[in-house]
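Numbering (our numbering), first residue to last: 47 to 494.
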């Protein structure tokens with residue numbers, strides 16, 4: 047043995063056979079360790095979005111009259127709205143009553159192959175809001191409640207305004223919080239943001255001025271003899287803290303987010319002075335303050351009768367409010383981190399029901415419908431999927447609600463395989479996995 051081959055510490059030298067044996071055992075150990083060790087998951091990419099504005103088209107909007115027009119299908123399908131318009135993106139056309147949105151098409155993507163096949167309001171709303179099929183013993187939470195769970199108070203959110211807001215009233219078709227419980231239900235503003243004074247439930251009392259509210263607070267303080275007698279009491283301090291936060295919403299800076307009179311009159315006019323337009327402006331103000339999820343519950347789309355008369359009233363308001371929202375978010379640098387999600391629970395029948403009592407109506411239709419997404423990591427100026435020549439079936443790239451919802455969660459940085467706290471300890475994940483019986487077409491990678 048050469049001098050530099052001497053064993054350390056006087057140990058006996060290894061034979062070639064022993065060295066080989068130890069080497070094989072070491073290699074085997076490494077292989078075994080690799081198999082037994084948990085897989086190393088790549089670090090999740092940083093979230094691209096921090097907030098969502100959901101424009102919920104309560105009742106189900108017609109895809110043919112909005113974002114999937116079929117001008118060659120004939121009058122029985124188009125009705126009088128047979129002249130779609132070009133957008134600022136080559137090759138994309140939308141409904142003729144949406145000229146302002148046509149000028150903003152580079153900011154949003156249209157999904158023309160949404161499908162779930164359900165024509166009942168309650169069931170369809172549940173599917174589109176949760177990504178799950180109803181039935182069984184589990185009532186799943188909506189997207190808003192799930193986002194509130196992962197991005198709300200338990201995750202470091204410190205705003206006085208709750209993390210999940212609905213303007214102006216809950217959708218009423220399903221339990222928004224599901225098994226997560228009342229803590230994750232939305233705060234419904236009530237009131238009408240288009241009124242001179244927006245009476246927000248619990249924040250603005252109708253018929254009571256701010257001066258009167260201040261006088262009431264002073265009276266309450268003067269009557270608080272217990273608080274003065276027991277300074278430092280933990281329970282009383284907690285109650286006093288709640289009171290301070292409540293009054294900050296009513297009289298302080300916290301509640302000013304609901305005061306639309308702070309905005310320039312010109313901007314309010316651009317949004318439109320009706321309820322929907324002012325709700326869009328409020329939604330922008332809320333996400334600007336860091337609120338994670340805002341739903342605008344936009345009623346008036348369940349148009350079984352006289353559908354086209356309703357479209358001539360509703361679509362210009364939709365056009366004005368939504369187009370201005372996209373432009374305003376972009377101008378303020380907010381669109382990059384705010385997802386705007388437009389959808390109803392389904393579409394409406396492509397073939398017009400001319401006969402009485404419908405007199406030119408459209409019924410419920412879940413076989414194929416449209417959704418629109420913008421901002422927060424979604425690429426604009428794109429179309430995903432297609433319906434057939436009459437808008438009756440999915441022609442290519444079916445997109446199911448779980449595909450869209452899972453894509454939104456990913457952009458928010460929410461792990462879709464994360465476990466949710468079920469009160470009975472059931473193993474429930476944010477989104478269904480393959481093999482759970484939920485139809486999937488795949489995440490929207492083409493626009494992410």
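Glycine included, each C-beta is placed from N, C-alpha and C at the ideal position. The structure presented is a predicted model; accordingly, all values stated were derived computationally and were not measured.
Here DSSP, grouped into helix, strand and coil, assigns residue 421 to strand.
Taking 8 Å as the cut-off, the Cβ atoms of residue 150 and residue 325 do not count as close. Taking the CA atoms as reference points, residue 479 sits about 16 Å from residue 173. Close CB contacts of residue 191 within its chain, under the 6 Å cut and outside five residues either way in sequence, are with 222, 223, 226, 230 (chain order). Separation of the CB atoms of residue 169 and residue 180 is rounded to 6 Å, and the pair is thereby assigned contact status at 8 Å. For residue 460, same chain residues with a beta-carbon under 6 Å away, outside a window of 5 residues either side, are 196 in chain order. When secondary structure is reduced to three states using DSSP, residue 228 falls in the helix class.
Beta-bridge pairing by DSSP links residue 167 to no other residue. Given a length threshold of 4 residues, each whole run of the alpha helix (DSSP H) inside the region 330-416 is given here in chain order: 353-377. Beta-bridge partners of residue 233 (DSSP): 211.
No Cβ-Cβ contact shorter than 8 Å links residue 413 with residue 384. If you check the CB distance, residue 430 and residue 155 come in under 8 Å.
When secondary structure is reduced to three states using DSSP, residue 135 falls in the coil class, being assigned neither helix nor strand. Annotation: the continuous alpha helix (DSSP H) that includes residue 451 extends over 447-458. Setting aside the 5 residues that flank it on each side, residue 475 is surrounded in the same chain by 462, 463, 464, 465, 466, each with a C-beta closer than 8 Å to its C-beta; the list follows chain order.
Counting along the chain, no beta strand (DSSP E) covers residue 189; the unbroken alpha helix (DSSP H) around it starts and ends at 189-197.
Sequence-distant Cβ neighbours of residue 100 in its own chain, meaning closer than 6 Å and more than five residues away, are 341, 387. Counted as a single uninterrupted DSSP element, the beta strand (DSSP E) harbouring residue 467 occupies residues 465-467.
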